[in-house]
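Peer 1: Going down the list, the sequences are from chains A and B.
When we follow our numbering, the leftmost residue of the first sequence carries the number 3, and every step to the right adds one.
When we follow our numbering, the leftmost residue of the second sequence carries the number 723, and every step to the right adds one.
The structure under discussion is supplied below as structure tokens; questions concerning it will follow.
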Amino acid sequence: MRYIPNTDADCRRMLDAIGVKSVENLFADIPAAVRLKRPLRIPPALSEADLVKHLRALAARNADADRYSSFLGAGCYNHFSPAIIGHLISRGEFLTAYTPYQPEISQGTLQAMYEYQTLICQLTGMEVSNASMYEGASATAEGILMAHRVTGRDEVVVLRSVHPEYRQVTRTYAQQINLTFHEVGFTPAGTADLKAIKAALTDRAACLVVQNPNFFGVVEDLAELGEAAHAVGALLVVAVPEPVSLGLLKPPGECGADIVTGEGQALGVPMSFGGPYLGFFATQEKFIRQMPGRLVGATEDREGRTGYVLTLATREQHIRREKATSNICTSEALIALIATIYMETLGKNGLREVALQNLRKAAYAKERLAKVRGCGLRFSGPTFNEFVVQVKRKPGDVLKGLLRKQIIGGLDLGQFYPELKDSLLVCVTEQNSRQEIDALAKTMGGGR
Amino acid sequence: MSGQTVGTRGLVFNEPLIFEQGSPGRVGYSLPASDVPEKKAERLIPKKLLRDDIPGFPEVSEVDVVRHFTRMSQWNYGIDLGFYPLGSCTMKYNPRLNEDMARLPGFARAHPYQPEAVSQGALQLLWELEQYLAEICGMDRVSLQPSAGAHGELTGIMLIRAYHTSKGNPRKKILIPDSAHGTNPASSAVCGYQVIPVKSGSRGVVEPQAVAEVMDDEVAGIMLTNPNTLGIFEDHIVEIAKIVHGKGGQVYCDGANLNAFVGIARPGDMGIDVIQLNVHKTFSTPHGGGGPGAGPVAMKRHLAPFSPVPTVEKKGNQFALNYGLPKSIGKVRSFYGSFGVLLRAYTYIRTLGPTGLRRAAEVAVINANYILTQLKGAYHLPYDRYCKHECVFDDALQIPDNVKTLDIAKRLMDYGFHPPTIYFPLIVHGALMIEPTETESKETLDQFIAAMQAIAKEAKENGDLVRNAPHNPRVSRMDETRAARQPNLRWKPKPSGS
Ligand SMILES: Cc1ncc(COP(=O)(O)O)c(C=O)c1O
């Protein structure tokens, strides 16, 4: 076996040194009654060459964004990722290291994490960021748990324009400790319904949870939502599943956000059929000790050289056990490294330009689709790179027709919103050419 | 230290933060020319909702970025460089084939919401992986959704809570041995449970009597790690499960240490109801400096109705996502799990097959016992008996010379090794927890053993050398107190004028 260097002869010598007859002796403490007396029923080993063939065949049975033109977003975005990312994260020193518990020989990971924390702060306009969480939905759930710890309150107000899966995950977490969940609808413009929000917010509310741009792609006016939350002493939690938008949009930190959570996949991370992704989590300095997850801080070594360490660990499970701010341990260091390299490579101007291209291409697609027979725009609010199209035919049938032309046309919203079962969520990124958009419009209009 | 040691010095570079590099207008990217009307952002989104700039964001070239991260990478230790015997973390070799397979466009460029009809390859892979993991664990169903070990624990405890709730009472307490990993009590607490510690006995295992004493009908279940964090198999597991089940409780197993007995015994045959697997340990996916991992949860039939949605089902030759579980706990993350990590685990399992997996467990145990017997004498062994995949020493023989576990760990770096896990499990004062894994050769183990013996000698003869270690890395010991007292968690521009 090519991953196991020791031969039978090596093992024999080691068993002799240990002082046992056979490896069986080392398993003598496992009661005979629970020993497996047959080989595992899984397929026999494959050679490297055969396995590559097998996996290529499986991969070929999936659509991919190279062979199809895809207009799917909804929490996972098809952005371009520079070639250097794959090369740099494949360096064994990053790829095959553990969590940096030994700082003297982990400075590469630690400095990258410190840069990541800084970039997330700059992007969101917040004061502190942790070093990563699992992904956007569970990061948002952790945001709510933190709001509950900070305020001591048991109610959560969540907008229905927050990603349905984020709401579902958040509810799963909140139910464990019996937090009450209130969901508030949206206006005909697709924006937050301020009046309904104010009615739902009471002095029992720990937080108001909004998404920006929201699930329908609509850009919210966060400042007025922040004021509404703060008026009753609740925190504003802003979820950002599409952080490329922050190349253009006012950062939540400048709009009264107390906690910003989100999904870093858009920052150069492969779509990979749903994961691994990157949860980000940022907040105000005054809440540091209530934060979940790892934090990297700058310090000095014995000779006064700058270096980085994991710090404020007294919040974490390995020190505080059941009193920890979260149970999280392994998080998403390598994915955060992808996002770090992506943000640094694109930089100040690149991220803005990508965001602008997304905005313009989506605006173009919106205009085109609005003119297509049997299609209309569902909401009137301003949008970033996603928007909702209302269709006369069944959305499922529309999508099937598109798929025959190698176009993945968007998301059928009926599965999440009964009132939107005549609508599609369409996403357009810098990866979609004008030609593709035109083909989408033509096909949706019944053109051939 | 002789010239023959593995570790030595090399040329490494200083490299400032990216924020202190570059110049305005420098770029590292190239975007396609715009092929749609170039409208101003303000015409599409109200100006008050827009920003002008991202203050502080870098402006560097592609070359700058490549050199930046390549230099930083050289400050890291990784399995690719050498022996990484971090106990409880199963730092085995991470096959590069797995990386290549995860990057195939049909996987890496597939969207989770694309139609099932054009996702059959991905769904088949998930379905098959579930079958393999169920068989390896002796369980009925597996949810692949959780993102890491602790996330799997949390999901497992949620399942237990949902199970009890369906019977009318979620119950209040979870029993956890004092040797458990911190995530166990923390995961229980996130589910609102009170944690009741159970003391390990003198043999290093949980004694049935200790469980019976605290088990009552307000206890939702017990969380056991097997083999436990001392690397010792919990040989009373069957009896303990009987006691817990007898009072209506559930048995959770922290499966982080499954590498010790894959193919030799199965958790499901020991009375365990639910277990999480750390595929970034047992199934060789890289740790990446702290993730991504995946923590599939394997469960017995009676817990399956509560499983997170969706599950993957096979109907004829077709694979489909199933959201129709009315009693489901819901979802613990978006989409279906860390697909790219699960794919690596699948690739690993198909590479080893049943014979290879069993051999991996056997050799992991031989390697650990080899270290245990060879270091006995030089270091104190608090539980003097054969171990499974890892062994735990302490610093009792070095303390009289004023050398602690931390010093031994740091000194190992000079010899070219990553230190073992230290100060865990908490029940061993000054623990040194060594897990070699099966992917290390006898020669490597011999070098490590020689280094450990040399350090034991140094501790007696030249304590300062050990106390001031490490000497070879680019930086020496860090001032962690200062990091915590004056948190500096992000770069900030120097105030202008200074
Ligand atoms: C025994 C044990 N349980 C649970 C965990 C948590 O797993 P993860 O880090 O994947 O969340 C670990 C790993 O750190 C562990 O060693």
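Just so you know, even glycine gets a beta-carbon here, dropped at the ideal spot from N, CA and C.
Kindly indicate the opening and closing residues of the beta strand (DSSP E) around Y310 (chain A).
Peer 2: Where Y310 (chain A) is concerned, the enclosing beta strand (DSSP E) stretches over 308–313.
Peer 1: Below 9 Å on C-beta distance, what does G750 (chain B) contact in chain A?
Peer 2: Here the neighbours are P84, I86, E346, T347, L348, G349, G352.
Peer 1: Determine, for W1213 (chain B), whether the minimum Cβ-Cβ distance to residues of chain A falls below 8 Å.
Peer 2: Yes - at least one Cβ of chain A is within 8 Å of the one on W1213 (chain B).
Peer 1: How many Å lie between N1000 (chain B) and G138 (chain A) at the Cα?
Peer 2: Their backbone Cα atoms lie some 21 Å apart in a straight line.
Peer 1: Beta carbon of G953 (chain B), beta carbon of C1109 (chain B): below 8 Å?
Peer 2: Yes.
Peer 1: For S435 (chain A) and V758 (chain B), what's the separation of their Cα atoms in angstroms?
Peer 2: The alpha-carbon atoms of S435 (chain A) and V758 (chain B) are separated by roughly 9 Å.
Peer 1: When you compare only the Cα positions, how much space is there between T101 (chain A) and L1103 (chain B)?
Peer 2: Computed Cα separation, rounded: 27 Å.
Peer 1: Inspect the beta-carbon positions of V1019 (chain B) and G878 (chain B) and report whether they are closer than 8 Å.
Peer 2: Yes, they are a contact pair.
Peer 1: Can you pull the chain B residues whose beta carbon is under 7 Å from the beta carbon of E355 (chain A), in chain order?
Peer 2: Here the neighbours are L753.
Peer 1: Following the continuous beta strand (DSSP E) through Y974 (chain B), name the residue where it begins and the one where it ends.
Peer 2: Segment 972–976, the beta strand (DSSP E) holding Y974 (chain B).
Peer 1: Taking Cβ-Cβ distances below 7 Å as the criterion, which residues of the stretch 256–287 of chain A are in contact with chain B?
Peer 2: Listed in sequence order: P272, M273, S274, F275, G276, G277, P278.
Peer 1: Using DSSP's beta-bridge definition, name the partner residues of T385 (chain A).
Peer 2: Looking at the DSSP assignment, T385 (chain A) forms a beta bridge with A:V220.
Peer 1: With a threshold of 16 other CB atoms inside 10 Å of the CB of I321 (chain A), please say whether the residue is buried or exposed.
Peer 2: Classification of I321 (chain A): exposed, given that the 10 Å Cβ count is below 16.
Peer 1: Strictly below 8 Å CB to CB, what residues from chain B border I6 (chain A)?
Peer 2: Here the neighbours are G1078, R1081, A1082, V1085, E1160, T1161.
Peer 1: Whose beta carbon lies closer than 6 Å to any heavy atom of ligand 1, going through the chain in order?
Peer 2: The set, ordered by position in the chain, is A:C331, A:T332, B:S810, B:A870, B:G871, B:A872, B:H903, B:T905, B:T947, B:T951, B:D976, B:A978, B:N1000, B:G1015, B:G1017.
Peer 1: Apart from the five residues just before and just after P1195 (chain B), which ones in its own chain have a Cβ nearer than 7 Å to its Cβ?
Peer 2: Once the five neighbours on either side are set aside, the close Cβ partners of P1195 (chain B) are M1135.
Peer 1: Could you tell me whether the Cβ of P397 (chain A) comes closer than 8 Å to any Cβ of chain B?
Peer 2: It does not: the Cβ of P397 (chain A) has no partner Cβ on chain B nearer than 8 Å.
Peer 1: Listed from N- to C-terminal order along the chain, which residues in the stretch 814–831 of chain B have their beta-carbon within a distance smaller than 9 Å of any beta-carbon of chain A?
Peer 2: The stretch 814–831 of chain B vs chain A, Cβ under 9 Å: K814, Y815, N816, P817, R818, L819, E821, D822, M823, A824, R825, L826, P827, G828, F829, A830, R831.
Peer 1: Could you list which residues in chain B have their beta carbon closer than 7 Å to that of H320 (chain A), in chain order?
Peer 2: In chain order: G904.
Peer 1: At a CB-CB cut-off below 8 Å, which residues of chain B make contact with N387 (chain A)?
Peer 2: In chain order: nothing, as chain B lies at least about 11 Å away.
Peer 1: Strictly under 8 Å for the Cβ-Cβ distance: is I44 (chain A) near chain C by that measure?
Peer 2: No chain C is present in this structure, whose protein chains are A and B.
Peer 1: Roughly how many angstroms lie between the CA atoms of Q842 (chain B) and Q1040 (chain B), to the nearest whole one?
Peer 2: The straight-line gap from Cα to Cα measures roughly 7 Å.
Peer 1: Is any beta-carbon of chain B found at less than 8 Å from that of T332 (chain A)?
Peer 2: For T332 (chain A), the answer is yes, since a Cβ of chain B falls inside 8 Å of its Cβ.
Peer 1: Could you name each continuous alpha helix (DSSP H) segment of 4 residues or more that falls completely within the stretch 21–83 of chain A, going from the start of the chain to the end?
Peer 2: Taking only runs of at least 4 residues, the alpha helix (DSSP H) segments lying wholly in the stretch 21–83 of chain A are 25–28, 50–62.
Peer 1: Can you tell me whether S909 (chain B) is buried or exposed? The criterion is at least 16 other CB atoms within 10 Å of its CB, across all chains shown.
Peer 2: Its Cβ being crowded by 16 or more others within 10 Å, S909 (chain B) is buried.
Peer 1: Would you kindly report the start and end of the unbroken beta strand (DSSP E) that includes A872 (chain B)?
Peer 2: From DSSP, A872 (chain B) is part of no beta strand (DSSP E) but of the alpha helix (DSSP H) over 871–888.
Peer 1: Which word fits H873 (chain B), buried or exposed, when buried means at least 16 other C-beta atoms lie within 10 angstroms of its C-beta?
Peer 2: Result: buried.
Peer 1: Skipping 5 residues on each side, what residues in its chain have a beta carbon closer than 6 Å to that of S869 (chain B)?
Peer 2: So the qualifying residues of the chain are R1055, S1060.
Peer 1: Less than 8 Å between CB atoms is the rule here; does P245 (chain A) satisfy it with respect to chain B?
Peer 2: Not one chain B Cβ lies under 8 Å of P245 (chain A).
Peer 1: I want to know whether the stretch 314–331 of chain A touches the stretch 168–176 of chain A - three or more CB-CB distances under 8 Å.
Peer 2: Cβ pair count under 8 Å is below three, so no.
Peer 1: Closer than 8 Å between beta carbons: that is the criterion. Which residues of the stretch 946–971 of chain B meet it against chain A?
Peer 2: Going along the stretch 946–971 of chain B in chain order, one finds I954, F955, D957, I959, V960 with a Cβ nearer than 8 Å to chain A.
Peer 1: In its own chain, which residues sit with a C-beta less than 6 Å from the C-beta of R450 (chain A), not counting the 5 before and 5 after it?
Peer 2: For R450 (chain A), the predicted model reports a pLDDT of 49, less than 50, meaning its position is unreliable and no value from the coordinates is stated.
Peer 1: To the nearest angstrom, how far is it from the Cα of L717 (chain B) to the Cα of E742 (chain B)?
Peer 2: Coverage of chain B is limited to positions 723 through 1220, which leaves residue 717 (chain B) absent and any answer about it impossible.
Peer 1: Along chain B, in chain order, which residues have C-beta atoms closer than 7 Å to that of P105 (chain A)?
Peer 2: Those within 7 Å of P105 (chain A) in chain B are M1200.
Peer 1: Identify the continuous beta strand (DSSP E) that holds H1024 (chain B) and give its terminal residues.
Peer 2: Counting along the chain, H1024 (chain B) falls outside any beta strand (DSSP E), and DSSP gives it neither H nor E.
Peer 1: For H967 (chain B), which option in B:P827, B:G993, B:F955 has the closest C-alpha, if you only look at C-alpha atoms?
Peer 2: If we check each option's Cα against that of H967 (chain B), B:G993 comes out closest.
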